[in-house]
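In what follows, a single structure is set out as structure tokens and then discussed.
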Ligand SMILES: NC(=O)c1ccc[n+]([C@@H]2O[C@H](COP(=O)([O-])OP(=O)(O)OC[C@H]3O[C@@H](n4cnc5c(N)ncnc54)[C@H](OP(=O)(O)O)[C@@H]3O)[C@@H](O)[C@H]2O)c1
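Residue numbers (my numbering): 57 to 352.
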């Protein structure tokens, strides 16, 4: 039978206990060029973060490396004391030696990661971090298993409540699951880029929250034509924008999905949140899923 599949859940629960609205907000863009330094219009950034919460968002994604540090500080300035229902996820592991992306590296030893979590806590004005992500598994100073053990120790000590993994592959995730519970994963996954496809599948199978980043991106230009050929008619059908359909697809595609669209515009923020109410048909979900291979 074709027609409407059951609509996506309006909320997502992290680690079986922290329930948030299914569409979150990614704060990374509230920084300077190349995610370095302060967002140029400080007052606009503060107002935008307050609007994010006023619009009902209950999950914000940040990281110590966004700025570095300025993104977490901005969130504190705009929103502290936080509403009781707001979950702020942050990440550690990346370091930046300068304003170019080529200056990025990663560190994973125990003292560094623990210090990073303590400093994130201090900047955010929290006494623990609800969800703490390892931002990348690419560091080479210690083996991945040891890093996961460090995260497990941080949770045991109460610094962090739940562990997340960012930019990992399926093997990393499986390895981590032999060591400790993983509450959430975040990877780049959208209508065109499916880097996280294998991780998405494991997350779905194991009931782990799947938080795709760049979740509503629909490519433009000539490369975007095949995507728009499918998504535009669906968007017209729902009186929605292509980005809204891309976000709605995420929620239909993965139970326990927590997309984190980023925006500096209140109008786009409202559109992104409204995408949560769009009910796609199974045929629309399948057509969108079929736009890119899931072979990674
Ligand atoms: N774990 C990782 O390694 C990693 C990596 C990258 C990002 N992230 C996280 O993912 C979040 C999302 O990524 P992102 O900040 O690059 O944002 P994004 O969700 O990829 O969207 C960015 C672009 O889309 C535009 N946009 C947003 N909503 C739109 C809408 N409804 N219609 C049309 N255009 C729209 C934005 O422009 P406007 O500002 O004009 O709206 C911006 O140019 C980040 O904030 C960060 O928290 C994590």
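Even glycine gets a Cβ: it sits at the ideal position worked out from N, Cα and C.
Exposure label - residue i; buried when at least 16 CB within 10 Å
i           : result
residue 300 : buried
residue 157 : exposed
residue 141 : exposed
residue 332 : buried
residue 196 : exposed
residue 67  : exposed
residue 96  : exposed
residue 72  : exposed
residue 193 : buried
residue 76  : buried
residue 222 : buried
residue 136 : exposed
residue 172 : buried
residue 159 : exposed
residue 321 : exposed
residue 145 : buried
residue 339 : exposed
residue 212 : exposed
residue 263 : exposed
residue 291 : buried
residue 298 : buried
residue 112 : exposed
C-alpha distance - residue i paired with residue j, whole-angstrom precision
i           : j           : result
residue 234 : residue 253 : 20 Å
residue 57  : residue 293 : Annotation note: pLDDT 40 at residue 57 (below 50); position unreliable, coordinate value reported separately. So the two alpha carbons sit approximately 20 Å from each other.
residue 353 : residue 302 : The structure shown does not extend to residue 353, since the chain spans only 57 to 352, so no value can be given for it.
residue 177 : residue 187 : 11 Å
residue 276 : residue 347 : 14 Å
residue 100 : residue 86  : 9 Å
residue 295 : residue 201 : 48 Å
residue 337 : residue 289 : 13 Å
residue 271 : residue 204 : 26 Å
residue 78  : residue 325 : 14 Å
residue 280 : residue 124 : 33 Å
residue 53  : residue 207 : Here the chain has residues from 57 to 352 only, and residue 53 is not among them.
residue 345 : residue 249 : 11 Å
residue 258 : residue 88  : 35 Å
residue 189 : residue 335 : 31 Å
residue 98  : residue 130 : 9 Å
residue 143 : residue 273 : 24 Å
residue 138 : residue 115 : 11 Å
Beta strand (DSSP E) segment containing residue i, residue limits
i           : result
residue 326 : Run containing residue 326: none in the beta strand (DSSP E); it sits in the alpha helix (DSSP H), 322-330.
residue 147 : 143-148
residue 95  : No beta strand (DSSP E) holds residue 95; DSSP gives it neither H nor E.
residue 168 : Not the beta strand (DSSP E): residue 168 falls in the alpha helix (DSSP H), residues 166-180.
residue 247 : It is not in any beta strand (DSSP E) - residue 247 carries neither H nor E in the DSSP assignment.
residue 236 : Premise fails: residue 236 is in no beta strand (DSSP E) and is neither H nor E.
residue 162 : 160-162
Supposed close pair residue i, residue j - CB separation, criterion 8 Å
i           : j           : result
residue 134 : residue 106 : 6 Å
residue 267 : residue 236 : Not really, about 18 Å apart at Cβ, beyond 8 Å.
residue 70  : residue 265 : 5 Å
residue 103 : residue 318 : Between residue 318 and residue 103 the Cβ distance is about 16 Å, and since that is not below 8 Å, they are no contact.
Pair within 8 Å by beta-carbon distance, residue i and residue j
i           : j           : result
residue 63  : residue 117 : no
residue 182 : residue 148 : no
residue 239 : residue 220 : yes
residue 198 : residue 164 : yes
residue 255 : residue 226 : yes
residue 121 : residue 150 : yes
residue 306 : residue 269 : no
Span of the alpha helix (DSSP H) around residue i
i           : result
residue 108 : 98-110
residue 342 : 338-345
residue 209 : 200-212
residue 134 : 126-135
residue 286 : 281-293
Beta carbon proximity, residue i to chain B, threshold 8 Å
i           : result
residue 221 : Reference to chain B is not applicable here, since this structure consists of a single protein chain.
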